[in-house]
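Working notes, structure below.
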């Protein structure tokens, strides 16, 4: 007999309450556990701010009574960026550690592995960060929801800007895995639709985080493009910027960067940050005090003594989304949480109202777009930016239904 069981029976005898009643009361006050799986060591630049964003959200939620009157707790596990390890951890979290649902992952191949596992086991999975649209479209399933802005949408926003220029010949460079290939396909499809005369004269596919930036810059230059579409990020981006700048690759060319303006990838470039690129990003430094975005920045800085990154924002929204879904479900049962995520509305977030579409389980998180510039301190920032709603850039509902597997 376990210590917990002996304690319950003893208390029952002493208070004339039944053991089942006391066990229910213990359950009613126990933390609601969420299994968070991510690449905290391999992609620390994004994953650590993301973790801190979750921690901020959880501290605020619990300070206001928790969820269903119980504390919310995230169980953080590192999968080392390995899909098989992520699936093993997911099973452990759900069957041994008492998690009621799963969240996380940055790399799309890992997210797809957890999504497939979640569909098989009927576990709810909020894919907080993976960018490959296959998660919610081609391989979508009823148990997987996605928070981050669709890759299709972000590429369409950049393509819209590109179509307004005189550039005709385009070269692309992207990491050779699910997110990279989808990001290039989305940009090409959207730009060709908007400007049929464009040509794609080169496609470079460096291995993720193992780029030979000098060779890639040479290959791009040989193609003589009018403009370049860049999907590299992290250390690959830093190497490409350095080599490309040294070789004059970007001189006189429009450059469009997916994720380039996100502080976790842009700030480390320091005064080497490129100017004049049109990018997606997260311009936290311009959020006014007293606005939802500004209040989030202030709270994050007060708690952690550092400025937020885009990962911080995504992590915070992850915590809010989980809490809102469970509160709406009125239960920690899987089917109740799954149903609650469909058409879930979260009215107050740092970026405004957030909604999870029942059509494809995709959130309505938009994207910030703007132009890169060095500020007076020699730091790379986004200027002339705007926050764009994703709705005008999404495929039609009928197109999405055709992409999703029959349920």
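Numbering (our numbering), first residue to last: 54 to 460. Don't be surprised by glycine CBs; every beta carbon is placed ideally from N, CA and C.
The continuous beta strand (DSSP E) containing residue 283 extends over residues 280-283.
With respect to the C-alpha of residue 207, the residue from 264, 86, 133, 310 having the closest C-alpha is 310. Contact between the stretch 205-222 and the stretch 232-249 is established, with three or more Cβ pairs separated by less than 8 Å. Taking 8 Å as the cut-off, the beta carbon of residue 318 is found no closer than this to the beta carbon of residue 267. Bounds of the beta strand (DSSP E) holding residue 439 are 433-441. Inter-residue distance for residue 104 and residue 401 is about 20 Å (C-alpha atoms, whole angstroms).
Between the C-alpha atoms of residue 221 and residue 251 there is a straight-line separation of about 5 Å.
In the DSSP assignment, residue 307 falls within the unbroken beta strand (DSSP E) covering 307-314.
The alpha-carbon separation between residue 129 and residue 106 amounts to approximately 13 Å. In the structure shown, residue 365 falls within a helical segment according to DSSP collapsed to helix, strand and coil.
Annotation for residue 455: no residue places its beta carbon closer than 7 Å to its own, counting only its chain and skipping 5 residues before and after. For residue 163, the three-state secondary structure derived from DSSP is helix. For residue 199 against residue 414, the beta-carbon gap comes to about 6 Å, under 8 Å, which counts as contact. Taking all protein chains in view, the Cβ of residue 168 is crowded by 16 or more other Cβ atoms within 10 Å, so the residue is classified as buried.
Residue 252 sits in a strand when the DSSP states are folded into three classes. Taking the C-beta atoms as reference points, residue 333 is found no nearer than 8 Å to residue 346. If you compare the alpha carbons of 354, 390, 180, 209 with that of residue 153, the shortest gap goes to 390. The C-beta of residue 259 has 16 or more other C-beta atoms within 10 Å across all chains shown, which makes the residue buried. In the assembly as shown, residue 292 is a buried residue. Its beta-carbon has 16 or more other beta-carbons within 10 Å. In its chain, beyond the 5 residues on either side, 360, 361 have a beta carbon closer than 8 Å to the beta carbon of residue 354.
In this structure, the alpha-carbon of residue 321 lies about 36 Å from that of residue 171. Distance check between residue 164 and each of 403, 148, 134 places 134 closest, using alpha-carbon atoms only.
Take residue 157, set aside five residues on each side of it, and the residues of its chain with a beta-carbon closer than 6 Å to its own are 89, 90, 91, 181, in chain order. Considered as a whole, the stretch 160-208 harbours 178-180, 197-199 as its complete beta strand (DSSP E) runs of no fewer than 3 residues, in chain order. Just so you know, the alpha carbons of residue 224 and residue 256 end up roughly 6 Å apart. Taking 8 Å as the cut-off, the Cβ atoms of residue 298 and residue 274 do not count as close. Annotation for residue 223: the continuous beta strand (DSSP E) segment containing it runs 222-226. Using a Cβ distance threshold of 8 Å, residue 336 and residue 435 count as a contacting pair. Under the 10 Å beta carbon count, residue 117 is surrounded by fewer than 16 other beta carbons and is classified as exposed.
DSSP places residue 131 in the strand class (E or B) of the three-state scheme.
Between residue 233 and residue 284, the gap from beta carbon to beta carbon is short of 8 Å.
Secondary structure of residue 295 (DSSP, three-state): helix.
Beta-carbon to beta-carbon, residue 382 and residue 125 are separated by about 13 Å, too far to satisfy the 8 Å threshold. Where residue 245 is concerned, the enclosing alpha helix (DSSP H) starts and stops at 231-247.
Contact check for residue 307 against residue 204 fails: the beta carbons are separated by 8 Å or more.
With respect to the 8 Å criterion, residue 427 and residue 404 are not classified as neighbours on the basis of their beta carbons.
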